[in-house]
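Number of protein chains: 4
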Amino acid sequence: MRTGVWLVGARGSVATTSIVGGLALRAGLAGSTGCVTELPDLRGPALPAFADLVFGGHDVATTPLCKRAEALADAGVIPWRLVAALRDELGAVEQELRPAPVGATQADRAAAVVRDLTAFRERHELDRVVVVNVSATEPAPQPHPGHADPAALSAALAGPDEVLPVSSLYAYAAVLAGCPYVDFTPSTGLRLPALAALAEEARLPYAGHDGKTGETLVKSVLAPMFAMRNLDVRSWSGFNLLGGGDGATLADPAANAAKVQSKQRVLGETLGYVPQGGTRIEYVEELGDFKTAWDLITFAGFLGTGMRMEFTWHGCDSALAAPLVLDLARLTAAAHAAGLVGPLTELGFFFKDPIGSPTHSLGEQWARLTDFTRHLHTGGNGDHGNVG
Amino acid sequence: MRTGVWLVGARGSVATTSIVGGLALRAGLAGSTGCVTELPDLRGPALPAFADLVFGGHDVATTPLCKRAEALADAGVIPWRLVAALRDELGAVEQELRPAPVGATQADRAAAVVRDLTAFRERHELDRVVVVNVSATEPAPQPHPGHADPAALSAALAGPDEVLPVSSLYAYAAVLAGCPYVDFTPSTGLRLPALAALAEEARLPYAGHDGKTGETLVKSVLAPMFAMRNLDVRSWSGFNLLGGGDGATLADPAANAAKVQSKQRVLGETLGYVPQGGTRIEYVEELGDFKTAWDLITFAGFLGTGMRMEFTWHGCDSALAAPLVLDLARLTAAAHAAGLVGPLTELGFFFKDPIGSPTHSLGEQWARLTDFTRHLHTGGNGDHGNVG
Amino acid sequence: MRTGVWLVGARGSVATTSIVGGLALRAGLAGSTGCVTELPDLRGPALPAFADLVFGGHDVATTPLCKRAEALADAGVIPWRLVAALRDELGAVEQELRPAPVGATQADRAAAVVRDLTAFRERHELDRVVVVNVSATEPAPQPHPGHADPAALSAALAGPDEVLPVSSLYAYAAVLAGCPYVDFTPSTGLRLPALAALAEEARLPYAGHDGKTGETLVKSVLAPMFAMRNLDVRSWSGFNLLGGGDGATLADPAANAAKVQSKQRVLGETLGYVPQGGTRIEYVEELGDFKTAWDLITFAGFLGTGMRMEFTWHGCDSALAAPLVLDLARLTAAAHAAGLVGPLTELGFFFKDPIGSPTHSLGEQWARLTDFTRHLHTGGNGDHGNVG
Amino acid sequence: MRTGVWLVGARGSVATTSIVGGLALRAGLAGSTGCVTELPDLRGPALPAFADLVFGGHDVATTPLCKRAEALADAGVIPWRLVAALRDELGAVEQELRPAPVGATQADRAAAVVRDLTAFRERHELDRVVVVNVSATEPAPQPHPGHADPAALSAALAGPDEVLPVSSLYAYAAVLAGCPYVDFTPSTGLRLPALAALAEEARLPYAGHDGKTGETLVKSVLAPMFAMRNLDVRSWSGFNLLGGGDGATLADPAANAAKVQSKQRVLGETLGYVPQGGTRIEYVEELGDFKTAWDLITFAGFLGTGMRMEFTWHGCDSALAAPLVLDLARLTAAAHAAGLVGPLTELGFFFKDPIGSPTHSLGEQWARLTDFTRHLHTGGNGDHGNVG
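Chains as they are written, first to last, in our numbering: chain A, -5 to 382; chain B, -5 to 382; chain C, -5 to 382; chain D, -5 to 382.
Next up, the structure:
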C-alpha cells in the first residue's frame, strides 16, 4: 500500500524531523521510539509500512531540506549521523517539495495545489496521499459567508476575497484532490461547515486538531487522576516557555489565544468544572526547539486539606510530534483504505482539541484507539458509522 | 446495612482522620471530597451509607482520640471547627477503642481480638465488621513453617513462638471472627498461604496492599502515559521526604526496603522494563503530616532525542488516605454482602501493590473498579469467580 | 526613644501582621524571626526597642483590625493564639486608626493627614513618628507640572486637580508633619522632585522603594552568583502566582507593569546585560496570602555548554514583609534621631528598587547596611553625606 | 611567565575539558565564559596569560586524549568544532601525559613523579609548574603514624606500607619537586600535618579542597540569604543524581560519605545551626556528564509562618569545573611568584571545603578574593601572613 505523505509546511522543524525519521526507519537506521503505531496493541497489517511512505509537500520557505536537517542536528533534535547518512534520500525528497501556489484568486491557488497533489500521486504510483498540516499556527480567521456550505464557498473563492485562511485553502485542495486530511495544528484547516460537507461528499476521512505533545499530554493523564480520586482541583496554572519558529508565531497574541484555549479545554471537560488559573505562552528564543512548561496545581482533599503538585516538562516538540505525524499518516491511510468517511473521532488520542471526541482522558482515548485499530486490522469497522 | 469499621492502629493519623471524617459526613458537617465511592460512576445502593458506619479499633498507644484530633488540627490536617463540633461523637468512639490484646501465646491474643470484634458487632447490632489495618509499617517477617497452611498455623500459635507478625495476627483474628479484611499498609497482613486458605474457608473477601496516595499514584498515570506514547524512559528517580509517625518508622531500613520495593513495582510492570534510578525515603520530622516527593524522569523520544520531566508532590498522607479507608470499608462490606470470597482484585485502584491485579495503570484499574461496582449495585457479580 | 509607626494602609495584610507582631514582641509572646535588626551584626542602642513602638495609621477600609487579624489566622499567616492573647492591645490600636482624609482639595486632605499625625505624636508623647506606606500598589501617575518643585506643587494642590497620586499625598503630608517616611511599595510615594526637595528642606530622612520579600530577594543572590562565576545567563523567566489583595490589584495591567519593571531591574544591573525572558504576575485568588514564584534560568558555561536552574519560592508575603516594616521603622527613626537627611541609600538591602543604591546584590547591600548601623550605634554617621 | 599545569587525573572529564578549553583560549577559538580570573575585578598583570599555560599530567587510564575529547563532544560537554580544530594541539599534550608511576615502595613512586615533574619543567623552560588534582574522589584513608611529621613520613615511605593515599603521594611529590599544589577534589591531598610542614619548608603555596561547582555553589548564596534575613531554616534536604565517572565513584559509600560531609558543612557554618535533612548522592549512569540536584528548604518567618523553597540545578560538572581549574592554576602560580607560602585561604571562593577560610558565604569569599588579586596585581601581599 504505497502511501504519500504530503506535508503542508514541509520545511518546518516538525516536517523535517518527520521526513528524516521516516527515511531513517525505511533505511533501518533508527528505531521506532515515539511511534505509537509500532506498539504491540496497535501494529498490524492494515497500516502501510514505513518503507511504503513517500514524502512531499508545500512550503513558503525555500531553505533546502538538508540545511534544515543540519540546523536541527546542531540544535540536538536529530543525530548528525542520520543527516550524514541520508543526504541522497533528502535530496530526493527535496525534488518533491513545491513553493506556495500562485494564482489571481483563491480558486486558482487551490487548483494549483490540486495539480501538485495529483501529479505527486501519479508520479509515484501511490494508492493514496494523506495531506498533513504541520505549518505554523494561524490566528483565528474572520467569518465569511462562504464558510457555510460548498456552493457558497465555491462562488466566493472565484472572487477577489481571501475567503479561507491558508490552512483551510490547503484542506479544500486536499478534498478536491481526493486526499484524506490531518490537521496537526490549532489552525482552522477543515473545521468549516463547507469543507466538512465537501469531505463527506468526497467520501474522505479526516482527523485533527492540534497535536498533543507536551504539557497538554501530561494534563490529559493528571486531570483524570484528580477526577478519579474525587480531589478538588482549586487552581491549575501553566507557564510555557518556547523558542523556535512556533514560539515566535505564538508570541503573536492572536495565535497565542487560539493555542491557549485549546490547552485549557482538557481541564473543564475532564474535571467537570474550571479551576482557577490559566495558561501562558512566552517566547524565549534561546530555548530553540526545546520547550519548558511549568504547571502548578493546588487541590483540596478530604475535609478541605490544601495540597499542591507542580511539574516541569522539558521536551523537544519536533521530536515528540514527528513520530505522531507518521502514525497519523498511517492510520488515516488505513481508514481511507477501509472506506471510512468523515471525522476520525477515534484518533482523539493524538490531539489537544480532538474533533468529535467524547473525552480528553488519555486512558479512555487509548482504549478507543486500540479498539479502532483492532477493527482495521481484522477488516471490521467497529462502531464508526460513516462507512462509504 | 449497619457496618462496623474496625481500625487496627485506631489512634494513628490515618485512623483518626478517617474517624473524624466519617463522623463529619454523618453529621453533614463536611463534604465527600476525596471519597471515590461518592463519584457518579461508583455510588449506588449496594454500599452502606456513611451514616451506617460505626467505628472501633485497637491501638497500642493510649493518647485519647480527641487529643490526637486536636494535634491533627494544629498540624493543618483537619479543621478545628470539626474537632470542636464532634467532641461528643469522638468521646463515643473512644469507648469503642481497645488496647493491644494480652495473653501468653499468640493463640490467646488472637482469641482476645476475636472477643473484641464479636462484642463490638453484637453491641451495635452490626450486619458486619470490616477490619482495616492502618497501623505503622512493619519490617518483612521471618519465614515460619506455620505460615504454610491452617493446620500448621493453628499448632504453632499455641506454642511460645512469635509465629505471625502483628499485622497478620490481627488478620487471623479478623478471619476467625468472620470479618472481611483490608490491608492499607505494606505489612504482611493476610498475605500468607495459611491465612488466605482460612479466609476462603470462612467465605470472606479481603483487599490490599498499601494504599496508593501520593508519588505512586502519580506514577500510575505517568508511567502508562510514557508507555502509550512509546517513549523510552531512561531513568526514573524518586526522593520522598516525610515526617510524622510513618516517616520515623520508615527511617528504619527494613521497613523502608519494604515500602520502596512496593513503590518501584509500578514502573517495571507498566513499562515492560526497569529504567535506571531508584526511590529514596528520608525522614524529616519538621514536615509533620505532610510529605514532599520529587521525581525526575529522563526519557528519549524519536531518533533518540533526550528529554526530561520532573514533578513535586506536596501532599498530606492522612488526608489522602482517610477517605480511601472509608471507601474500602464500604466496598468490602458490599462485596461481603454480595457473597464474594477471596482477594478483591478489582480494588487494585486503591493500592500500590494490589493483590492479584493484572495492571498498575490507574486508568485500567478505574475501568475494572467501575465495572465491579456496577455489578454490585445491579446485583450481578461480574466475572469475580469466587462467589460463596 | 518612643517612636510612632504610622501605617498608610493600616488594615491591610502587611500592616495587620506588622501590628500583631509588634504587639507580640512587646508582650514577649513571639520571637524576632525575620527581623534583621535583631541580628548580632545590626542590633544596638541606637534603635528604638520594640516596646517603644506605638502603632497608628490610615485606611480607606473599615474592617476592624481584630477581624483582619482573625482572617489572617484562618489563612495560616499568624497563629490563633496571638490573636486571642492580644485582643485588648489590638482594640487599643483600633482607636489610633483613621479613615481616609476628606476635603475639597488635595491641600485640604493633606492638612487633615497632618493633623492626624500631629495629634498622634502629641497624644502619645512620641519622639517622632515614622510614616510607612504599605497600601496597595498604584498605577504610575500622570505627569503634572506641580511635581517639579515645592512652589509649583503648593499652588497646584490648592486647585481642583488630582495633582498627586494618593501615595504621594501621604508622603507630602508626612513631610509637612515632620515625619520620616518609608515607601514599602512600588508606588510613587516620595519619588517626585518637589517632594524630595521638601524633605531636604525639612531635614528629614526617607527610604524606599518596594520591599524585597520573595522572588526578587532570591534573584538578588542568584544573579550575583552567576556574575561572580562569569557564567553567561541566556534567559531568566519568572512566573508569579499570587492571591490576596495585592494579587487582585496587580491583575490590573498598569500596576502589574510597575511591579514587573521593578522586579527585572536587578538582573540588568547585576549582570551587566539583560538576558532573554520576562516576569509575569498572575492573580490566583485561591492562593490567598501565599505566593508561588517559579523561575527558569538558562545559562552557558565554559565553551558554551548549556545548563539550567529552576526554583520555586512558596512564601507568605505578609509574614516576610511585616518584620521588615518594623526594621525599617526602627532604622529610619534612628537615622532621624542621628540627624540624617535625604534618601537612606544604605537601606537598599530591604528594597527591590532601592533609591540611590549603587548595587542590587544582597551581599553588597548587607555590607553597606552593617556599616551604616555600626555608625549609628557608635554615634558616627559614616559616609552618609547629608547630615543635618 | 611560562606556567606548567600538571593535572593528576589528566585523562578524566574535568582535565580533558580544561586542556581543550585552555588550548581553545590560546588559539582564540573560544571565549572565557566561566573563567573568573577574566572578570574585570580580578584580571591583571600578575596572572600568567592563557597562552603561557603548558599542559601535562598523570593518569592510570590510557585512552588517548583525543578519544576522550571526542566522547565529551558526543556527550554535549564541548563543541565538536573545537575537537576538530585542536587535533594537533591535543596530540602535543598527549606527549606530555605519563602513566601512574611504578616502584617497589611509595618513596620510589614519589621519586618517579618528581622526575616527571622536573623533566616537564625543564623541557618546556617553565617558570613553575602548578600541580592540580582532578582525579576521582578517594575514600578517607586509614590513619598512619607517618602522617604526623616529615621525618616519620620519610621513614615510613621507604618501607612496604601504603602509607599515603594516592592523592597525598602526588601532593608529596609536588612539594618535593618545588611545585605549588591545588586540590580540586575532596580527597586527602595535602591535608596531612607532615605534608603541610613540608610545603612550609619548601616555601610553597597550596589551595583546596573540593571545587564548588553546583548544588553547594547555590547553597553558598542561599544560606547567607536566609541568615541575613533572620529566617529560621527548619530543614534543607538535597538529592544529587549524577552519572559519569564521578557518579560511579561516589556510588561507593565511603567516597559518598566524604563528599556529603563536605556538602553539608556550608549550612551549619553559615546559619549557626544545623537544620534537619541531609544530602544524598545517587548514581544514574544515563545522566552522563550532567548532574541534576534538587533541594527542598523549609523555613519559618515572622511569628512562625511556614514557607518553602525548592530548586533544581541541572549542570555539567566538567564545564563548570574546567575554567576554575585554569583560574586556580593562574592564581596559584601568581601567588608562588609573589612568594606566598602555605594555605591560600583567600581562594575559598572556589571550594566546598576551603582550607582555613573563615566563611562559606560566596559573597564574602568574593570580597576576599578580589582583595587578594588586587594585592597580587599591585605587588602587595595584603594580609597574607606567610610571605617567604
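All C-beta atoms in this analysis are idealised placements derived from N, C-alpha and C, irrespective of residue type, glycine included. None of these values were measured; they are calculated from a predicted model.
Residue i versus residue j: straight-line alpha-carbon distance, rounded
i	j	result
L147/A	W0/A	24 Å
G295/C	A18/C	49 Å
P187/A	P137/A	12 Å
L370/B	A328/B	7 Å
G300/B	A313/A	9 Å
A82/B	S7/B	Just to set this straight, residue 82/B is Asp in the shown sequence, not Ala. Distance between the alpha carbons of D82/B and S7/B is about 19 Å.
P73/C	L297/D	7 Å
R122/D	T57/D	28 Å
L65/A	G266/A	Per the sequence shown, the amino acid found at residue 65/A is Ala instead of Leu. Spanning the two alpha carbons is a distance of roughly 44 Å.
A21/C	A79/B	32 Å
Y277/A	A323/A	30 Å
C60/D	D110/D	22 Å
R62/D	A4/D	10 Å
P93/C	V14/C	20 Å
L363/A	L363/B	21 Å
G282/A	T11/A	15 Å
D269/A	P218/A	Rather than Asp, the amino acid found at residue 269/A in this sequence is Pro. In a straight line, the C-alpha of P269/A is about 14 Å away from that of P218/A.
Simplified DSSP state of residue i, which is helix, strand or coil
i	result
K285/D	strand
A130/D	coil
V227/C	strand
Q359/D	helix
C29/D	coil
T(-3)/A	strand
V107/B	helix
Q89/D	coil
Q100/C	helix
R20/B	helix
T112/C	helix
Min CB distance residue i to chain A below 7 Å
i	result
I72/B	yes
T292/C	yes
T179/C	no
L334/B	no
A331/B	no
Any C-beta of chain B under 7 Å from that of residue i
i	result
V215/A	yes
Q383/D	What is shown of chain D runs -5 to 382, which leaves residue 383/D out entirely.
Expected contact under 8 Å - CB spacing of residue i and residue j to nearest Å
i	j	result
G208/D	W307/D	6 Å
L170/C	A221/C	Not quite, the Cβ-Cβ distance comes to about 43 Å (not below 8 Å), so this is no contact.
L151/A	A196/A	Contact flag wrong, Cβ pair sits at about 16 Å.
is_contact[residue i, chain D] using C-beta, thresh 7 Å
i	result
T273/B	no
Any C-beta of chain C under 7 Å from that of residue i
i	result
R302/D	yes
V107/A	no
For a minimum of 4 consecutive residues, which ranges assigned as the alpha helix (DSSP H) are wholly contained in the segment 157 to 201 of chain A?
160 to 170, 187 to 195
Identify every run of the alpha helix (DSSP H) within the segment 61 to 85 of chain B, keeping only runs that are complete inside it and at least 4 residues long; order them along the chain.
74 to 79
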